[in-house]
Amino acid sequence: MAKNVSRWIVVLLALLVLGPLAAWFTGLLRGPTGGENATLLASSSPIGGFLAGLTAIAIATLFGCVVSRLLSLKAGLNAAGLILAWASWPLGTFESVVREHRAPGVLITLGIEGLIVGALGIASIVAIVAAGRVHLTKAIVGPDLDLRSEKSLARSLVQSLATRDFLAAAGIALAAGAALAWVVAFESLKGQSLMAAVAAGIAAGAAGQLASQSFGRPATPVIPAAALGLLAFLGPLVGFAFAGGNFLTDAYAGNFFPLAVPNSLNWVAGMLLGGPVGLAWAGSMIEKHEVGGSQTNPARS
Numbered sequence: 023m024a025k026n027v028s029r030w031i032v033v034l035l036a037l038l039v040l041g042p043l044a045a046w047f048t049g050l051l052r053g054p055t056g057g058e059n060a061t062l063l064a065s066s067s068p069i070g071g072f073l074a075g076l077t078a079i080a081i082a083t084l085f086g087c088v089v090s091r092l093l094s095l096k097a098g099l100n101a102a103g104l105i106l107a108w109a110s111w112p113l114g115t116f117e118s119v120v121r122e123h124r125a126p127g128v129l130i131t132l133g134i135e136g137l138i139v140g141a142l143g144i145a146s147i148v149a150i151v152a153a154g155r156v157h158l159t160k161a162i163v164g165p166d167l168d169l170r171s172e173k174s175l176a177r178s179l180v181q182s183l184a185t186r187d188f189l190a191a192a193g194i195a196l197a198a199g200a201a202l203a204w205v206v207a208f209e210s211l212k213g214q215s216l217m218a219a220v221a222a223g224i225a226a227g228a229a230g231q232l233a234s235q236s237f238g239r240p241a242t243p244v245i246p247a248a249a250l251g252l253l254a255f256l257g258p259l260v261g262f263a264f265a266g267g268n269f270l271t272d273a274y275a276g277n278f279f280p281l282a283v284p285n286s287l288n289w290v291a292g293m294l295l296g297g298p299v300g301l302a303w304a305g306s307m308i309e310k311h312e313v314g315g316s317q318t319n320p321a322r323s
């Protein structure tokens, strides 16, 4: 009972206190002409935008780490995701930002922003997972991660980024996340952009879990995070490649490359909110299949 009450308190703090606080910082940003059509780097002050995004991610990460340590890893990731979903809301829509800048080069800026913020998002998830070490077991994180301390767990999570199995699972997760985001992000409305990133996180988490299990180890939230971080970087760049001479015509017609639509903080919120859902869903399906198989074929055990 006390744990359920604590979870609701965490959600309310994220939604009603820390989320609006993080959104206040990003809401200060303005576009080149003084309007609200800005993102972190595509703004009148890219340095100020970077600091605003960094502050929002820091607030989400610190709160997520505390919740992950005291309650559970899932609660910590969700809390951080809610805060960053709030922080992403004041940023301009893709359509409004493109019209404000009136040049295809803004897509390169958005790609660089996605790369930076995506890397910060991965670092945030590593920190939150490490903070929740006390709730983890080898059955959850696999035999390759060191659970002796928060520092050793964070180090082994970072080292796993370069392994062959991780890269293969992240590639499969990226393809699944891109496919679902493509379907959802057919307009650049704020809610739709956020939902596209969350949906991509769910798809990437599920695909990453299935791929990792096929390699003989469970997935961690870092796999869908890496996939969405790459989408945050590649989406605007591929959009730039397709922009061509009809850039402004397409902008006013609302004809955009769908993977460029979510902003950088949308993608990080998708990592935190969608990724764990996909991981858990695919993991439960695998467990049910294994249990069902062992019941119908006792000789397997």
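According to this note's numbering, the sequence shown holds residues 23 to 323 in order.
Virtual Cβ for every residue (Gly too), placed ideally from N, Cα, C.
Buried versus exposed, by CB contacts within 10 Å (16 or more), residue i
i      : result
ARG155 : buried
LEU38  : exposed
ALA184 : exposed
SER323 : At SER323, the pLDDT of 31 sits below 50, so the modelled position is not reliable; the number obtained from the coordinates is stated separately. That one is exposed.
SER146 : buried
GLY276 : exposed
THR318 : Below a pLDDT of 50, predicted positions are generally treated as unreliable, and THR318, at 47, falls in that range; the measurement from the model is reported next regardless. So THR318 ends up on the exposed side.
PRO320 : Interpretation of PRO320 is limited by its pLDDT of 42, a score under 50 that renders its predicted location unreliable; the figure taken from the coordinates is listed afterwards. It counts as exposed.
THR131 : buried
SER171 : exposed
PHE6   : Because residue 6 is not part of the residues shown, which for the chain are 23 to 323, the question remains open.
THR83  : buried
ALA31  : Looking at the sequence shown, residue 31 is not Ala but Ile. The residue is exposed, with fewer than 16 neighbouring Cβ atoms inside 10 Å.
PRO126 : buried
VAL205 : exposed
PHE255 : buried
ALA74  : buried
LEU104 : buried
GLY251 : buried
LEU232 : buried
LEU34  : exposed
GLY213 : exposed
Contact check, residue i vs residue j, beta carbons under 7 angstroms
i      : j      : result
ALA190 : ALA304 : no
GLY143 : VAL260 : no
ALA226 : ALA195 : yes
PHE85  : LEU40  : yes
ALA109 : ALA45  : yes
ALA101 : VAL89  : yes
LEU50  : ALA60  : no
LYS96  : PRO298 : yes
LEU253 : ALA192 : no
GLY133 : PRO258 : yes
ASP168 : SER178 : yes
SER286 : VAL148 : no
ARG91  : GLY164 : no
GLY288 : LEU202 : Reading the sequence as shown, one finds Asn at residue 288 and not Gly. Not in contact: ASN288 and LEU202 (Cβ atoms no closer than 7 angstroms).
GLY98  : ILE150 : yes
LEU62  : GLU117 : no
Minimum C-alpha distance to residue i - residue among the options
i      : options                           : result
ALA152 : ILE138, THR159 and ALA176         : ALA176
ALA161 : GLY98, GLN235, SER174 and ALA226  : GLN235
PRO42  : LEU211, LEU250, ILE79 and VAL119  : ILE79
ALA197 : LEU211, GLN181, GLY230 and ALA207 : GLY230
PRO16  : ALA219, SER178, THR55 and VAL27   : Residue 16 lies beyond the range of the chain shown here (23 to 323); nothing can be said about it.
LEU301 : LEU287, ALA222 and TRP108         : ALA222
VAL77  : PHE47, GLY103 and ALA149          : Reading the sequence as shown, one finds Thr at residue 77 and not Val. Checking every option, the nearest Cα to that of THR77 belongs to PHE47.
VAL237 : PHE278, PHE188 and GLY199         : Going by the sequence as given, residue 237 is Phe instead of Val. It is PHE188 whose Cα lies nearest to the Cα of PHE237.
LEU211 : GLY53, VAL32, ALA282 and SER66    : ALA282
SER28  : PRO258, LEU253, LEU167 and LEU93  : LEU93
GLU122 : SER67, GLY70, LEU179 and THR55    : THR55
GLY57  : THR115, LEU179, ARG239 and SER182 : THR115
VAL128 : ALA64, ALA207, GLY296 and ALA233  : ALA64
MET293 : SER215, ALA249 and VAL180         : ALA249
ILE224 : LYS173, ALA207, LEU295 and GLY213 : LEU295
GLU209 : VAL33, ASP272, ALA241 and LYS173  : ASP272
ALA36  : ILE308, PRO68, SER66 and CYS87    : CYS87
LEU158 : VAL180, ARG124 and ALA241         : ALA241
Start-end ranges of the alpha helix (DSSP H) lying completely within the region 190-259, minimum 4 residues: List check, alpha helix (DSSP H) in window: 212-236.
Inside the region 55-115 only - alpha helix (DSSP H) runs reaching at least 4 residues: Within the region 55-115, the complete alpha helix (DSSP H) runs of at least 4 residues are 68-92 and 95-110.
Sequence ranges, alpha helix (DSSP H) only - wholly within the region 115-184, length at least 4: Within the region 115-184, the complete alpha helix (DSSP H) segments at least 4 residues long are 116-123, 127-153, 160-163 and 172-182, listed from N- to C-terminus.
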